[in-house]
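Numbering (my numbering), first residue to last: 35 to 555.
Laid out in structure tokens, this is it:
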């Protein structure tokens, strides 16, 4: 009970008493050594996600004999113990009251996908200036036993103390977005009081079962701080965070304050700013992102946030910020050897160039606008683009060809002899009756052995509906699928698919259309 009381008191204390502030504002790179017994090192080889005891030494002074360590990371950043692993260190294991500069838990990221070592740091700085919650970042020179691991990215954990600095009430539920998991998945809870029911998460996920977008928007507005979410999304896309929540349903946290609305938190920003011209109008794929950005006023608010936040990318100030950061870590980097220092310097030069060019590219995109969105005017056959691959099997073969006469999309069956795959696109449609049409060219298409007509071979439909059209064998065939939308405004997913044991199907973009043929009064 005493440990819980002290933890809550620390979380609720004002930021001026935050003992960790000095660590993240220090101009010096700390030297850390983690000491493990041989048996515990072997345990990390066998069960890398399970904590083992360790000793933590900072600048030659022992900080703790009771710390705990495990490996962390997902695809791209996870490395085995005998490589250059990313690590999580706990100071409060088994109720211990030890802290590392006020931190009960922190991460040592290996920057496996960021040779500059500065992308997570820069994203954290920009988020702080924007008033958006994000983990603070610094750096450390690390030894794992006798192994010199080089310079690591030291990052605070998103825990109760983090919530206490950013939210008036930190006692709600904080969920971790798992690898490519949206809010409709049973996300792991990182912080929260009481029995784990995920009722708040389930309530938000249930909103997306509502096909009528107007009703769905009302549900989102009741459960999500939409203004904050729009700013969160604007920061993700300004930073080119392609692996974040909006664009990939990945690398995020979502917090439900008691009695309040959900807030999203940026995370996993080690791959931001990969391209200066990253498109800020790219449409979100995530559940919350896609629905929010379909709402015209919220979409307009997003444009306003982009324009306001662009000030944070002012080239001269950004250059000075980056140069100071590079100067701070340079001595530690150079001490790691010529190869390490060369790779980091090259990574820094690339990041600096991209970051300084970002404002110009985004300003141009804002000026040019996102273009006209399809309105589906009554009686007008609308051509469609923005198709994405989708497959229920591992060996379907996709091909996208930009020919002189137009774009062609192909899917072909693999060696398994079972192809259920194709191209999909989400559209927002007003109430009405629709005709979805396409020309498909097939070659050697043979129906699956366990399927009979109709609806075999190549075809078109909407997701969740059966089709009667089909194309087998060789040749070119016109396909049609009709459906109705009874809500005032709703999402539907258009599907170009191949269900076949063999063969391929090709669709030309200029011969795929959707027509609203009746208003359904």
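Cβ coordinates follow ideal geometry from the N, Cα and C atoms, glycine included.
The segment 222 to 232 / the segment 200 to 213 touching (three or more Cβ pairs under 8 Å): yes
Per DSSP, the bridge partner or partners of residue 81: Numbered from 1 along the chain shown, position 47 holds the residue referred to as residue 81. The partner list for residue 81 (beta bridge, DSSP) is empty, contrary to what the question assumes.
Status (buried if at least 16 other CB within 10 Å, exposed otherwise) for residue 301: Reading the chain shown from its first residue, position 267 is the one you call residue 301. Buried: at least 16 other Cβ atoms inside 10 Å.
Span of the alpha helix (DSSP H) around residue 355: Position 321 of the chain shown, counting from 1, holds the residue named residue 355. Per DSSP, residue 355 belongs to the alpha helix (DSSP H) from 349 to 368.
Meets three-Cβ-pair contact criterion under 8 Å: the segment 358 to 368 and the segment 304 to 319: no
For residue 217, the first and last residue of its enclosing alpha helix (DSSP H): Along the chain shown, read from residue 1 onward, the residue named residue 217 stands at position 183. Where residue 217 is concerned, there is no enclosing alpha helix (DSSP H), given that its DSSP letter is neither H nor E.
Through-space distance from residue 191 to residue 415, alpha-carbon basis: What you label residue 415 is simply residue 381 of the chain shown in a count that begins at 1. What you label residue 191 is simply residue 157 of the chain shown in a count that begins at 1. About 52 Å.
Pair within 7 Å by beta-carbon distance, residue 200 and residue 167: The sequence position of residue 200 within the chain shown is 166, counting from 1. The sequence position of residue 167 within the chain shown is 133, counting from 1. Yes.
Proximity of residue 524 and residue 476 at Cβ, strictly below 7 Å: Position 490 of the chain shown holds residue 524. Position 442 of the chain shown holds residue 476. Their beta carbons are not under 7 Å apart, which means residue 524 does not touch residue 476 by this criterion.
The beta strand (DSSP E) enclosing residue 175, as first and last residue numbers: For this step, residue 175 is matched to residue 141 along the chain shown. Residue 175 -> beta strand (DSSP E) spans 171 to 178.
Residue 556 to residue 324 span [Cα, whole Å]: The shown model of the chain, from 35 to 555, leaves out residue 556, and the question about it has no answer.
Among 73, 141, 486 and 385, nearest to residue 274 - alpha-carbon criterion: For the purposes of this step, residue 274 is taken as residue 240 along the chain shown, with counting starting at 1. It is 385 whose Cα lies nearest to the Cα of residue 274.
Per-residue burial, residue 107 [other beta carbons within 10 Å of its own, 16 or more giving buried]: Counted from its first residue, the chain shown places residue 107 at position 73. Classification of residue 107: buried, given that the 10 Å Cβ count is 16 or more.
N- and C-terminal bounds of the beta strand (DSSP E) containing residue 431: The residue you call residue 431 lines up with position 397 of the chain shown. Element bounds for residue 431: 431 to 437.
Chain-order list of residues whose beta-carbon lies under 8 Å from that of residue 156 (same chain, five-residue window excluded): Within the chain shown, residue 156 is the residue found at index 122, counting from 1. Answer for residue 156: 306, 307, 355, 356, 359, 385 and 389, listed in chain order.
For residue 424, the first and last residue of its enclosing beta strand (DSSP E): Here residue 424 is taken as the residue at index 390 of the chain shown, counted from 1. Start and end: 422 to 425.
Length of the line joining the Cα atoms of residue 126 and residue 86: Numbered from its first residue, the chain shown carries residue 126 at position 92. Numbered from its first residue, the chain shown carries residue 86 at position 52. The alpha-carbon atoms of residue 126 and residue 86 are separated by roughly 13 Å.
Residue 87 (DSSP reduced to helix, strand or coil): Counting from one through the chain shown, the residue named residue 87 turns up at place 53. Reduced to three states, the DSSP call for residue 87 is strand.
Enclosing alpha helix (DSSP H) for residue 258 [first to last residue]: Stepping through the chain shown from its first residue, residue 258 is reached at position 224. Here residue 258 belongs to no alpha helix (DSSP H), and DSSP marks it neither H nor E.
Close beta carbons around residue 83, own chain, < 7 Å, minus the five adjacent residues each side: To locate residue 83, count along the chain shown from 1; it is residue 49. Answer for residue 83: 104 and 105, listed in chain order.
Residue interval of the alpha helix (DSSP H) (run including residue 503): Taking the chain shown and counting its residues from 1, the one referred to as residue 503 is at position 469. That residue, residue 503, is in no alpha helix (DSSP H); it is neither H nor E in DSSP.
Given residue 375 as reference, the closest of 175, 532 and 391 once Cα atoms are compared: Within the chain shown, numbered from 1, the residue matching residue 375 stands at position 341. For the residues 175, 532 and 391, the minimum Cα distance to residue 375 belongs to 175.
Extent of the continuous alpha helix (DSSP H) run through residue 330: In the chain shown, the residue the question calls residue 330 occupies position 296. Where residue 330 is concerned, the enclosing alpha helix (DSSP H) stretches over 330 to 343.
Spatial distance of residue 270 from residue 278 (CA atoms): For this step, residue 270 is matched to residue 236 along the chain shown. For this step, residue 278 is matched to residue 244 along the chain shown. Taking the straight line joining both Cα atoms gives about 7 Å.
Beta-ladder partner(s) of residue 513, from DSSP: The count along the chain shown starts at 1 and reaches residue 513 at position 479. DSSP output for residue 513 lists 472 as bridge partner(s).
Of the listed residues 340, 508, 195 and 492, nearest to residue 514 (C-alpha basis): Within the chain shown, the letter at position 480 stands for residue 514. Looking at the Cα atoms, 492 is the closest of the given residues.
Euclidean distance between Cα positions of residue 36 and residue 239: On the chain shown, position 2 is the one that residue 36 refers to. On the chain shown, position 205 is the one that residue 239 refers to. Low per-residue confidence applies at residue 36: pLDDT is 42, beneath 50, and the placement is therefore not dependable, though the value from the model is reported in the following sentence. For residue 36 and residue 239, the distance between alpha carbons rounds to 36 Å.
Segment contact flag, the segment 243 to 263 with the segment 130 to 145, C-beta cutoff 8 Å, min 3 pairs: no
Neighbourhood of residue 263 by C-beta distance below 7 Å, restricted to the same chain and skipping five residues each side: Stepping through the chain shown from its first residue, residue 263 is reached at position 229. Same-chain partners within the cutoff: 298, 322 and 326.
Beta-carbon proximity of residue 231 to residue 417, cut-off 7 Å: As a working mapping, residue 231 is identified with position 197 in the chain shown. As a working mapping, residue 417 is identified with position 383 in the chain shown. No, the Cβ-Cβ distance between residue 231 and residue 417 is not below 7 Å.
Among 276, 63, 294 and 328, the one whose alpha carbon lies nearest that of residue 311: Position 277 of the chain shown holds residue 311. Of 276, 63, 294 and 328, the residue nearest in Cα terms is 276.
Among 59, 54 and 526, the one whose alpha carbon lies nearest that of residue 328: Here residue 328 is taken as the residue at index 294 of the chain shown, counted from 1. When only C-alpha atoms are compared, the closest one is 526.
CB-CB length for residue 465 against residue 549, believed under 8 Å: The sequence position of residue 465 within the chain shown is 431, counting from 1. The sequence position of residue 549 within the chain shown is 515, counting from 1. Residue 465 to residue 549, Cβ: 15 Å. No contact.
Local Cβ density within 10 Å of residue 570, reported as buried at 16 or more and exposed below that: Because the chain here runs from 35 to 555, residue 570 falls outside it and cannot be looked at.
C-alpha gap between residue 529 and residue 424, whole angstroms: Within the chain shown, the letter at position 495 stands for residue 529. Within the chain shown, the letter at position 390 stands for residue 424. The alpha-carbon atoms of residue 529 and residue 424 are separated by roughly 9 Å.
Residues bridged to residue 549 (per DSSP): Counting from one through the chain shown, the residue named residue 549 turns up at place 515. Partner(s): 415 and 469.
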